[in-house]
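Structure record follows, encoded as structure tokens.
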Amino acid sequence: GEDVEQSLFLSVREGDSSVINCTYTDSSSTYLYWYKQEPGAGLQLLTYIFSNMDMKQDQRLTVLLNKKDKHLSLRIADTQTGDSAIYFCALADEPGGYNKLIFGAGTRLAVHP
Amino acid sequence: DGGITQSPKYLFRKEGQNVTLSCEQNLNHDAMYWYRQDPGQGLRLIYYSQIVNDFQKGDIAEGYSVSREKKESFPLTVTSAQKNPTAFYLCASSIGYTGELFFGEGSRLTVL
Numbered sequence: 093g094e095d096v097e098q099s100l101f102l103s104v105r106e107g108d109s110s111v112i113n114c115t116y117t118d119s120s121s122t123y124l125y126w127y128k129q130e131p132g133a134g135l136q137l138l139t140y141i142f143s144n145m146d147m148k149q150d151q152r153l154t155v156l157l158n159k160k161d162k163h164l165s166l167r168i169a170d171t172q173t174g175d176s177a178i179y180f181c182a183l184a185d186e187p188g189g190y191n192k193l194i195f196g197a198g199t200r201l202a203v204h205p
Numbered sequence: 019d020g021g022i023t024q025s026p027k028y029l030f031r032k033e034g035q036n037v038t039l040s041c042e043q044n045l046n047h048d049a050m051y052w053y054r055q056d057p058g059q060g061l062r063l064i065y066y067s068q069i070v071n072d073f074q075k076g077d078i079a080e081g082y083s084v085s086r087e088k089k090e091s092f093p094l095t096v097t098s099a100q101k102n103p104t105a106f107y108l109c110a111s112s113i114g115y116t117g118e119l120f121f122g123e124g125s126r127l128t129v130l
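If you're matching them up, the sequences are chains A and B in order.
Each number in the working numbering comes from the position in the first sequence (counting from 1) with 92 added on.
Each number in the working numbering comes from the position in the second sequence (counting from 1) with 18 added on.
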């Protein structure tokens, strides 16, 4: 089955860029997703990228996809204290199975002054 | 406001007791899910349901049961057969076949 890996912690200074990385083992997922979880809350979809794209930009967020290396990244420009949260990458478990997602362990982003 | 409501937010249970977690949505979504979250691990799928009166096991269904009698409701029962039930449980829903899941705020279950 699919295995999704992320580093567990990232600490950045306010105003710097944050880059959160994700690797996966085997994916025929049509879309790849980034979810955000604030303390004590559920997850919210942050952004996603279609599998035939290399990059997607959405305001301060940039998603990069390297299918050859099976590597997905999320860059947050001008990181703010409100960006402190856990960020999960997620992929569908099977072709067309958009709704059965496999999540990574999540990267806890800490933003300090 | 449309959304997903989970209750209770915190729950304590003695060993050997069954407990039921509630999940209600008013988004008119067809699909609903239960995930379990443990520290340092990703979300793991317990059960999911794509239509009323039908549901499928996820990766860690043992010791859990669900029902889907109404489109709006997908309760999860944590049975005494679940060996390590202390966790944060998240319910989600989606419109059919889309990876955009809408999550509730979660229920934290602690077994004493």
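Note that CB positions come from ideal geometry on N, CA and C, so glycine has one too.
Name the residue from the options whose alpha carbon lies nearest to the alpha carbon of residue i.
i	options	result
T199 of chain A	A:L193, A:P131, A:Q151 and A:L157	A:P131
S31 of chain B	B:S83, B:K89, B:T104 and B:E123	Note that residue 31 of chain B is Arg in the sequence shown here, rather than Ser. Cα-wise, what sits closest to R31 of chain B is B:T104.
S85 of chain B	B:F106, B:Q43 and B:Y65	B:Y65
T128 of chain B	B:G20, B:L39 and B:R62	B:L39
S112 of chain B	B:Q43, B:A99 and B:E87	B:Q43
Q55 of chain B	A:A177, A:G196 and A:T139	A:G196
L153 of chain A	A:K128, A:K160 and A:D161	A:K128
T173 of chain A	A:E106, A:Q151 and A:L156	A:E106
N144 of chain A	A:Y116, A:D150 and A:L157	A:L157
A79 of chain B	B:E87, B:L45 and B:K101	B:K101
S99 of chain A	B:G58, B:Q24 and B:G20	B:G58
T23 of chain B	B:R62, B:G117, B:A110 and B:L130	B:A110
D95 of chain A	A:C114, A:S103, A:K148 and A:Y123	A:C114
D48 of chain B	B:G124, B:V96, B:K89 and B:R126	B:K89
G20 of chain B	B:P26, B:L45 and B:K27	B:L45
L183 of chain A	A:V104, A:F101 and A:Y140	A:Y140
G117 of chain B	A:K159, A:S121, A:K160 and A:D146	A:S121
D118 of chain A	A:K159, A:V104, A:D150 and A:F101	A:K159
Between which two residues does the beta strand (DSSP E) carrying residue i extend?
i	result
R31 of chain B	Y28 to R31
F150 of chain A	According to the sequence as given, residue 150 of chain A is Asp; it is not Phe. From DSSP, the beta strand (DSSP E) with D150 of chain A extends over M147 to D150.
Q136 of chain A	L135 to F142
Q55 of chain B	A49 to Q55
L127 of chain B	S125 to V129
K128 of chain A	Y123 to Q129
A182 of chain A	A177 to A184
E97 of chain A	V96 to Q98
I22 of chain B	I22 to S25
S169 of chain A	According to the sequence shown, residue 169 of chain A is Ala rather than Ser. Unbroken run through A169 of chain A: none, as it is neither H nor E.
T117 of chain A	Per DSSP, T117 of chain A belongs to no beta strand (DSSP E) and is neither H nor E.
Q43 of chain B	V37 to Q43
N46 of chain B	N46 of chain B -> no beta strand (DSSP E), and no H or E assigned at all.
A202 of chain A	T199 to H204
E194 of chain A	The residue asked about is misnamed: residue 194 of chain A is Ile in this sequence, not Glu. Unbroken beta strand (DSSP E) run through I194 of chain A: L193 to F195.
S109 of chain A	Per DSSP, S109 of chain A belongs to no beta strand (DSSP E) and is neither H nor E.
L157 of chain A	L153 to N158
Mind checking whether residue i and residue j have CB atoms under 8 Å apart?
i	j	result
L201 of chain A	Y125 of chain A	no
F121 of chain B	G134 of chain A	yes
L119 of chain B	L137 of chain A	yes
S98 of chain B	G34 of chain B	yes
F106 of chain B	C41 of chain B	no
Y116 of chain A	F142 of chain A	no
D77 of chain B	L94 of chain B	no
V155 of chain A	D175 of chain A	no
S67 of chain B	M50 of chain B	yes
G81 of chain B	F180 of chain A	no
R126 of chain B	Y53 of chain B	no
Q.
Below 8 Å, how does it come out for the segment 102-112 of chain A and the segment 168-182 of chain A: are there three or more Cβ pairs, yes or no?
A. At 8 Å Cβ cutoff, the stretches touch.
Q | In chain order, each beta strand (DSSP E) run of at least 3 residues that lies wholly inside the segment 67-104 of chain B | A | List check, beta strand (DSSP E) in window: 72-75, 82-84 and 94-96.
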